[in-house]
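My numbering numbers the first residue of the sequence shown as 58 and each following residue consecutively.
In this text, a Cβ means the ideal position worked out from N, Cα and C, and glycines have one as well.
Treat the numbers as computed from the prediction; the structure is a model and nothing was measured.
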Amino acid sequence: MTHTAEPRIAIAGGGTGGHLCPAVAVAEELVRLAPDAQVEFLGSGKELERKILEPTRFRYHVTDCAPMNLGGAWRTAKGVFQARRVLRGLRPDLVLGLGGYVSGPGVFAARTLGLPIVLFEPNAVAGNANRLLARWAEAAYVHFPETELGCPTLALGTPIGQAVRRGLGCSRMAAIRALGLDPRLPTLLIMGGSQGAAPLNQWIFEHLPASAPRLNAIHLCGKGADAAALRARYADAGVRAYVQPFVRQIGTLYRAADLAVVRGGGGTLAELQAVGLPAFVVPLPASAGDHQRRNAEAFAASGAGEVLAQAELDADALERALECLASPTRLTRWRSAAQRAGHPQAARRVAEDLLQRISQRHTKLRAVA
Numbered sequence: 058m059t060h061t062a063e064p065r066i067a068i069a070g071g072g073t074g075g076h077l078c079p080a081v082a083v084a085e086e087l088v089r090l091a092p093d094a095q096v097e098f099l100g101s102g103k104e105l106e107r108k109i110l111e112p113t114r115f116r117y118h119v120t121d122c123a124p125m126n127l128g129g130a131w132r133t134a135k136g137v138f139q140a141r142r143v144l145r146g147l148r149p150d151l152v153l154g155l156g157g158y159v160s161g162p163g164v165f166a167a168r169t170l171g172l173p174i175v176l177f178e179p180n181a182v183a184g185n186a187n188r189l190l191a192r193w194a195e196a197a198y199v200h201f202p203e204t205e206l207g208c209p210t211l212a213l214g215t216p217i218g219q220a221v222r223r224g225l226g227c228s229r230m231a232a233i234r235a236l237g238l239d240p241r242l243p244t245l246l247i248m249g250g251s252q253g254a255a256p257l258n259q260w261i262f263e264h265l266p267a268s269a270p271r272l273n274a275i276h277l278c279g280k281g282a283d284a285a286a287l288r289a290r291y292a293d294a295g296v297r298a299y300v301q302p303f304v305r306q307i308g309t310l311y312r313a314a315d316l317a318v319v320r321g322g323g324g325t326l327a328e329l330q331a332v333g334l335p336a337f338v339v340p341l342p343a344s345a346g347d348h349q350r351r352n353a354e355a356f357a358a359s360g361a362g363e364v365l366a367q368a369e370l371d372a373d374a375l376e377r378a379l380e381c382l383a384s385p386t387r388l389t390r391w392r393s394a395a396q397r398a399g400h401p402q403a404a405r406r407v408a409e410d411l412l413q414r415i416s417q418r419h420t421k422l423r424a425v426a
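Following this line, the structure appears as structure tokens:
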């Protein structure tokens, strides 16, 4: 596709990997499609943001930010002035807001400067920040078609990062062997993320049968968890297991797994759909606005798995998961549904739409001139 010379895009937001990692995937695709594109990020300065962005080529600006309420009004206002200085220097053609309060200063600043605004919303139910900011946006990219905002939406999917895409380049056999597992056995992946791993860890400790069915387990137990004790628990049950606090090459784990037990974050569920991995989804009860439950329900409604409440994490629930793992017919049906709902090319599609918007804007400006 053709694109405007030297397109400039500011991406406002961060705070969590669920917000930032899809944006980095889009930024990488932007410079692939338009090598002269200039993409810069505005964030909060959190360590996680720096870890994600430092290995990239993209410039990163820090602005003050706080939750969008009366208590955070002063910091947000200060952040808006800081963001205005950044945007005046960059002179972007468009500002992409990632949702969450971290995006507030950049999007508010774009509004005061008359810059076009597009939002990104990965959850089935939009967060407070995006609901507030949508009144100034010309469009929002969403993953779930049912997501509603106060602006037009495009269901292009949630972009997935390189760590996932790289893993898709290997076969299941290669992934299984790389993890030291048995390629003849079905594989269960369990991961609870940074906030929700402990209840899933406890579930396995308490309810894994002393003589478990023949299977492999991949278990991301989270920072601070006793990975050695969890490995011993699997070994006592006769289960070959790969247990780590976290990994960077998550795509290899997805490729090796036949079924997952995960939390209901929008980014995680989008990744599972993109790779065609069915799952039992355990929503985090404390998620803002109960968005994880709504995400999980939308995922299950697509036919890619089931919702499992955290209060139901007992021996019967584990037996259900293990029975599903032993049912090739059900796994095939769920896997096909996940693939149908997935958007593996979301990063490219979002980048193309952004470049098209910039090109159309430049055409209109030239016509006026």
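**OP:** State whether the region 304-322 contacts the region 217-227, with contact taken as three or more CB pairs (one from each stretch) at a distance under 8 Å.
**Re:** Inter-segment contact for the region 304-322 and the region 217-227 is present: three or more beta-carbon pairs are separated by less than 8 Å.
Subject >> Euclidean distance between Cα positions of D420 and R241 >> reply: As written in the sequence, residue 420 is Thr, which differs from the Asp given in the question. T420 and R241: Cα-Cα distance of roughly 58 Å.
Subject >> Exposure label - V425; buried when at least 16 CB within 10 Å >> reply: Here V425 is exposed. Its C-beta has fewer than 16 other C-beta atoms within 10 Å.
Original post:
Where does V88 sit, in a helix, a strand or coil, going by DSSP?
Top reply: Three-state DSSP puts V88 in a helix.
**OP:** Answer yes or no: do A404 and P216 have a C-beta to C-beta separation smaller than 8 Å?
**Re:** Going by beta carbons, A404 and P216 fall inside the 8 Å limit.
Subject >> Same chain, Cβ closer than 7 Å to V96, five either side skipped, listed in chain order >> reply: Contacts found: I66, I68, A84, L87, V88, F115.
Subject >> P243, buried or exposed, once every other Cβ within 10 Å from all chains shown has been counted against 16 >> reply: Burial call: buried.
**OP:** Tell me whether A298 sits in a helix, a strand or coil according to DSSP, three-state version.
**Re:** In this structure, A298 counts as strand in the three-state DSSP scheme.
Subject >> Range of the contiguous alpha helix (DSSP H) that encloses T169 >> reply: Counting along the chain, the alpha helix (DSSP H) containing T169 begins and ends at 161-169.
Subject >> Nearest-angstrom Cα separation, counted from F303 out to Y117 >> reply: Those two C-alpha atoms are separated by around 25 Å.
Subject >> M248 in three-state terms, based on DSSP >> reply: Assignment of M248 by DSSP, reduced to helix, strand and coil, places it in the strand class.
Original post:
G279: which of D371, L287, P335 sits nearest, CA to CA?
Top reply: Looking only at D371, L287, P335, the smallest Cα-Cα distance to G279 is reached by L287.
Original post:
What did DSSP end up calling T133 once you bin it into helix, strand or coil?
Top reply: Correct three-state label for T133: helix.
**OP:** Can you say whether T59 is buried or exposed, counting buried as having 16 or more other CB atoms within 10 angstroms of its CB?
**Re:** With a pLDDT of only 48 at T59, under 50, the local geometry of the prediction cannot be trusted, and the value read off the model is given with reservation. Classification for T59: exposed.
Subject >> Status (buried if at least 16 other CB within 10 Å, exposed otherwise) for T120 >> reply: T120 is buried by the Cβ-count criterion.
**OP:** Report the residue from A186, V143, E205, P162 whose alpha carbon sits nearest the alpha carbon of R351.
**Re:** Closest in C-alpha terms to R351, from the list A186, V143, E205, P162, comes E205.
Subject >> Through-space distance from R312 to L155, alpha-carbon basis >> reply: Cα-Cα distance, rounded: 28 Å.
Original post:
Quick one: what's Y198 bridged to in DSSP?
Top reply: As DSSP reads the structure, Y198 sits in a beta bridge with F177, L211.
Original post:
Are there 16 or more other CB atoms within 10 angstroms of the CB of R229, so buried, or fewer, so exposed?
Top reply: So R229 ends up on the exposed side.
**OP:** Decide yes or no for the touch test of the region 338-350 against the region 409-416: beta carbon pairs closer than 8 Å, at least 3 of them.
**Re:** No, because fewer than three Cβ pairs between the region 338-350 and the region 409-416 fall closer than 8 Å, the two stretches do not touch.
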